[in-house]
DNA sequence: TTGGTTTAATAACCTAAGTTAGCCAGATAC
DNA sequence: GTATCTGGCTAACTTAGGTTATTAAACCAA
């Protein structure tokens, strides 16, 4: 694993220049790559929290099995995402995580996270920002699960995936691969599989979404976004605090002890680590 | 404001011993107390993110106004909570915050948060844990908004408030004050006010919840929890990482430079900062 | 190939919750 | 005092989405 291959390093560098030490700290997160198969459980609900994990290939999702036999999918993870950081505050997992398709994951420990906290304020702020972004994504989902129609929910999800996939180069011109069954989509959106099917049929008739198995085409992504009342603010924003922090550091550390690559990025850019 | 008055310090000390420097860092969060009235807007949706805020008296809530004129309440804040940390990663507020009743809030800056990151790994981990807990609470809400009936939603919310209020000494024997109108409850639970009323009526007939204006009585809180399929794991858990960190520090810093109050708490206890 | 399994489409029917409206009880104002 | 307003309760009606079932197509294993 070198610098260019690391999706994590790339994400941090989108909004913040990194020192060599910081790059090493991040690369260590991907030190133990492990090949996993479709359907593999990364960890079970209620299992002991001993480590976190990054995903560098494949799709995964976190889920909760509910008392009535149904299931809620909480989040879909794409390459470059950090999995399970929420469990930092808990001794047992609040949700299970499973692979949607085969891929590569790397485990890292609590201790490593604390090591980052101790050694780099910038990375700490970055991780904190990632946690905040995850909360924002969750909040957005909460709103549309609570208040929107099935069409809006599906439209919102598809458009969000379109944006996320676009950022990692896995979508172009409204086309992307979506390896999820309608049952899984239902578990994401709080809908029955039957109603997901009905909704896709309605979208097909309106020419909003074309779906052939796992290939999805959005002829007019913006129309979909409008239907979903999609407001991208929660995905596409700067991290002002990081920027400020670098300013502060270079101010205080100016002189022979200042780090070598301490330039300000012209304009801090969106992070997609969620 | 002295040590004993600070709800924030108390919360951190529930699960981690603090050095004097750390206590000062936390106390500074409540340096600028401001009296606010019922209905006052702390900040508006989309306004610029310039600071965060702690609440030491009164209730508040965060909300989003939706396109169709409806509104979703995202979170209810009680004394001791930190408000708006999620916005750390954004330049504009994703949600507004308003007071439910009069109270006291204290603003603090981005810069102060970074100062904490720089000066105390323990506080950083604690703040990170708080952010994780907030995510857990949000996740729980997402699940019941997506999957549960109106009765379960209301039962879950009431029981959660009962636990949170109990922890700050504002509930006893199933009785507490809940200064929320049925319309506000509907905005929290994704229900119409009419249906909230119907659900309260059903609970009253079943003897599960008695409500007189803002006084709520739960004759049998556990029955309510069972109805809601309430699993308290997301509220009541240790923060193992903090514990580990102290162990590490005392290991490395042992000797004359070790801090004075560096004892391990017998058993780390739940934090309620969410 | 066959037969089994998963996934998807559609129809028929059912139910939980939304909507609208009317009414009453406390507050608050004049 | 009376008028007004807000919050809450109930009833009647509507609707979005759930449930069950059937069929067909795609995929997979032997």
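Chains as they are written, first to last, in UniProt numbering: chain A, 1 to 274; chain B, 1 to 274. Cβ atoms here follow ideal geometry from the backbone N, Cα and C, with glycine treated the same way.
Contact annotation: in the stretch 70-86 of chain A, residues whose CB is within less than 8 angstroms of a CB in chain B are 70, 72, 74, 85 and 86.
When Cβ-Cβ separations below 7 angstroms define contact, residue 143/B makes contact with chain A. At least one CB of chain B lies nearer than 7 angstroms to the CB of residue 94/A.
Contact between residue 174/B and residue 218/B holds, since their C-beta atoms are separated by about 4 angstroms, short of 8 angstroms. Where residue 75/B is concerned, the enclosing beta strand (DSSP E) starts and stops at 71-77. Pairing residue 232/B with residue 14/B, the inter-Cα distance amounts to about 18 angstroms. Annotation: the stretch 155-241 of chain A contains the following complete segments of the alpha helix (DSSP H) (minimum length 4 residues), in chain order: 182-189, 193-206 and 221-227. Look at residue 229/A: its C-beta is under 7 angstroms from a C-beta on chain B. Following the DSSP letters along the chain, one finds residue 53/A inside the beta strand (DSSP E) bounded by residues 51-57. In the structure shown, residue 116/B adopts helical secondary structure according to DSSP, grouped into three states.
A direct Cα-Cα distance of roughly 32 angstroms separates residue 56/A from residue 116/B. Identification of residues in the stretch 112-123 of chain A having a C-beta nearer than 8 angstroms to some C-beta of chain B yields 113, 114, 117, 118 and 121, given in sequence order. Taking CB atoms only, residue 198/B has no neighbour in chain A less than 7 angstroms away. Under the Cβ distance rule, residue 66/B counts among the residues neighbouring chain A, one pair being separated by less than 7 angstroms. When DSSP assignments are scanned along the stretch 84-134 of chain B, the uninterrupted stretches of beta strand (DSSP E) that are 3 or more residues long and fall wholly within it turn out to be 96-99 and 103-109.
Using a CB distance cut-off of 7 angstroms, residue 234/A counts as an interface residue toward chain B. Residue 141/B sits in a helix when the DSSP states are folded into three classes. Here the alpha carbons of residue 102/B and residue 22/A stand approximately 45 angstroms from one another.
Residue 82/A is bridged by DSSP to 54/A.
Nearest CB-CB separation between residue 190/B and chain A: below the 7 angstroms threshold. Listed in chain order, the non-local C-beta contacts of residue 203/B below 6 angstroms within the same chain comprise 209, local neighbours out to five positions each way being set aside.
At least one beta carbon of chain B lies nearer than 7 angstroms to the beta carbon of residue 131/A. In the DSSP annotation of this structure, residue 48/A is not part of any beta strand (DSSP E), being labelled neither H nor E. Distance from the Cα of residue 160/A is smallest, within the candidate group 73/A, 225/A, 108/A and 196/A, for 225/A.
For the stretch 21-51 of chain B, the set of positions with a beta-carbon nearer than 9 angstroms to some beta-carbon of chain A reads 46 and 49 in chain order. Judged by beta-carbon spacing, residue 100/A lies beyond the 7 angstroms limit of residue 53/A, meaning their Cβ atoms are not closer than that value.
Taking 7 angstroms as the cut-off between beta carbons, none of the residues of the stretch 164-186 of chain B comes near chain A.
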